[in-house]
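With mature numbering (1 follows the signal peptide of the UniProt record, and there is no 0) applied, the sequence shown covers -23 to -1, 1 to 374. Glycine is no exception: its CB is placed at the ideal position from the N, C-alpha and C atoms. No experiment lies behind these values; they were computed from the predicted model shown. Remarks on the structure that follows.
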Amino acid sequence: MDWLALTCRAAVLILLFLPFGASDDRLVPGKPLSPGNTIISDGGAFALGFFSPNNSTSTPAKLYLGIWYNDILELTVVWVANRETPVINSSSSSPMLSLTNTSNLILSNGDGSGRVLWTTTNLSAAPGLSTPVAVLLNTGNLVIRSSKGTTLWQSFDHHTDTFIPGMKLRVKYNTHDRGERLVSWEGPDDPSLGRFSFGIDPTTFLQMFLWDGARPVFRTAPWTGYLVTSERRYQQANASTDVIIYWAIVGSDKEIYLTYSLSDGAPHTRYVVTYSGEFQIQSWNNRLLAWEVLVKWPFVQCSVYGYCGPYGYCDQTAAPVPTCKCLDGFKPASTEEWTGGRFSMGCRRKEPLGGCGDGFLALSGMKPPDKFTLVGGGKSTFEECAAECKRNCSCVA
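Structure (structure tokens):
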């Protein structure tokens, strides 16, 4: 075999092993992204491109611009730009994603009409002063940067249904904004806005809610730095995996936000609001080549918001299935309803309160009721809280 033939065969092998549509990690003005091509993050973990949720091969196909995991076999989208406005890919119309000199991303239908289906609204940079670049980071965050490296826009600030490490869910103080939320897909093949959402309670800032529209479905315990017993399940689930999740709730003078990170070497792990109404922790199982649900909320029927009614609680240790019970000193408000397995009326006191001479019973492992009031800015000890409550005869803490 001569040297020329060997060189040609080596070149063919190299070309065969290049991934289809491979590219670098960035988009620049004048070089748009079209279907069939992708932008790959520097470490190879994520890809940005056009996708069809049901992998449809029909023509014309509905396409969405999104970010997905690039290094696993199952298409798993973590962010979608044009959730409500899919683009059509046909022989006469090919959508394009372009970065303008004004530092904005524009998704157009590519049929020559100039119709914009989705765009960023970045007003931080004036045209002609710098050459912007859009970079897909290995965290899954798509950022627009100025020539000086300043971040002008990022996809992490525009959530869809998935919460991945490094993202933040925010609520700003002294505003009427409901805060940032994760919003489910409408269906398994429909990325448009669904019924279910997850975010920080805009009233107390210290607890998280899963909503069905405006109706609460589940709430966590207020954040104190520790999980109550009923919410420690994800730690127990993690004990059988290679995942340790580090949660943080960070406050400033303007906002409070929720974020998390993973232990070194952990597989891909994400929080997702499903279209069926669950908030799940999913971790990629490299042995099964599938997503494994570590835990989901609501995790049992009686953990649904308000299921056990006033002064009732969900006893997850009850056999054969978790059930509602009354707090000590309380009894079912309706014995008939309670016996029939309907608990929404809750419980009532066996004896009325005696006034300011009443004491307190510590209930460990439980979360306080919703619509609670913080005493001492939430920094009080049990003794300080009890003393404050005793000074107010209407206090029922």
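C-beta atoms of residue i and residue j nearer than 7 Å
i, j, result
"Val57", "Thr137", "yes"
"Trp162", "Tyr252", "yes"
"Phe175", "Gly117", "no"
"Cys303", "Cys291", "no"
"Tyr282", "Val194", "yes"
"Val112", "Asp2", "yes"
"Asn78", "Pro6", "yes"
"Arg60", "Thr139", "no"
"residue 375", "Phe320", "In the structure as shown, the chain starts at -23 and stops at 374, and residue 375 therefore has no counterpart that could be examined."
"Gln259", "Val277", "no"
"Leu114", "Ser132", "no"
"Leu52", "Leu4", "no"
"Phe28", "Gly13", "no"
"residue 404", "Cys333", "The displayed coordinates of the chain run from -23 to 374. Any statement about residue 404 would go beyond what the structure contains."
"Thr108", "Ser124", "yes"
"Phe307", "Cys324", "yes"
"Phe173", "Asp189", "yes"
Proximity winner among the options, relative to residue i (alpha-carbon distances)
i, options, result
"Ile226", "Trp188, Leu235 and Pro9", "Leu235"
"Pro142", "Leu239, Glu157, Leu114 and Asn263", "Leu239"
"Val272", "Val250, Val55, Lys145 and Thr62", "Val250"
"Val93", "Val64, Ser107, Val120 and Ser18", "Val64"
"Trp95", "Leu40, Asp48 and Thr53", "Leu40"
"Asp166", "Gly20, Trp315 and Val54", "Val54"
"Asn86", "Asn66, Thr312 and Leu25", "Asn66"
"Ile177", "Ala191, Trp224, Arg158 and Leu74", "Arg158"
"Leu82", "Pro244, Thr98 and Ile49", "Thr98"
"Asp241", "Glu255, Ala295, Val220 and Glu232", "Val220"
"Trp261", "Ala310, Pro179 and Asp48", "Asp48"
"Arg326", "Tyr288, Ser169 and Trp188", "Tyr288"
"Lys344", "Gly156, Trp200, Tyr237 and Glu314", "Trp200"
"Pro168", "Met144, Asn31, Asp19 and Thr316", "Asn31"
"Asn151", "Met322, Pro346, Glu232 and Trp274", "Glu232"
"Leu183", "Pro346, Ile17 and Asp19", "Pro346"
"Gly254", "Asp230, Gly171, Asn263 and Glu328", "Gly171"
"Pro72", "Val110, Ile17, Ser11 and Gly26", "Ser11"
"Val160", "Ala191, Trp224 and His245", "Ala191"
"Arg196", "Tyr284, Asp230, Glu314 and Ala310", "Tyr284"
"His245", "Glu365, Ala267 and Ser229", "Ala267"
Start and end residues, beta strand (DSSP E) containing residue i
i, result
"Lys149", "Leu146 to Lys149"
"Thr97", "No beta strand (DSSP E) holds Thr97; DSSP gives it neither H nor E."
"Thr246", "Thr246 to Val250"
"Gly331", "Neither: Gly331 is in no beta strand (DSSP E) and is coded neither H nor E."
"Ala26", "It is worth fixing the name first, because residue 26 is Gly in this sequence and not Ala. Run containing Gly26: Phe23 to Phe28, per the beta strand (DSSP E) assignment."
"Met73", "Met73 to Leu76"
"residue 385", "Examination of residue 385 is not possible in this model, given that the chain is present from -23 through 374 alone."
"Glu51", "Segment: none, Glu51 is in no beta strand (DSSP E) and carries neither H nor E."
"Leu82", "Leu82 to Ser85"
"Thr15", "Thr15 to Ile17"
Element boundaries [alpha helix (DSSP H), containing residue i]
i, result
"Lys125", "Neither: Lys125 is in no alpha helix (DSSP H) and is coded neither H nor E."
"Glu360", "Phe359 to Lys367"
Residue(s) in a DSSP beta bridge with residue i
i, result
"Asn262", "Ala267"
"Pro309", "Cys324"
"Lys302", "Tyr290"
"Asn66", "Ala38"
"Gln131", "Val120"
"Arg319", "In DSSP, Arg319 forms no bridge with anything."
"Gly43", "Gly26 and Val57"
"Glu232", "Lys149"
"Phe256", "Val250 and Trp274"
"Tyr284", "Partner(s): none; Tyr284 has no beta bridge."
"Leu4", "Ala111"
"Leu239", "Ile222"
"Leu10", "Leu74"
Quick check on the DSSP output: what are the complete beta strand (DSSP E) runs of length 3 or more inside the segment 139 to 196, in order along the chain?
146 to 149, 158 to 164, 167 to 177, 185 to 189 and 192 to 196
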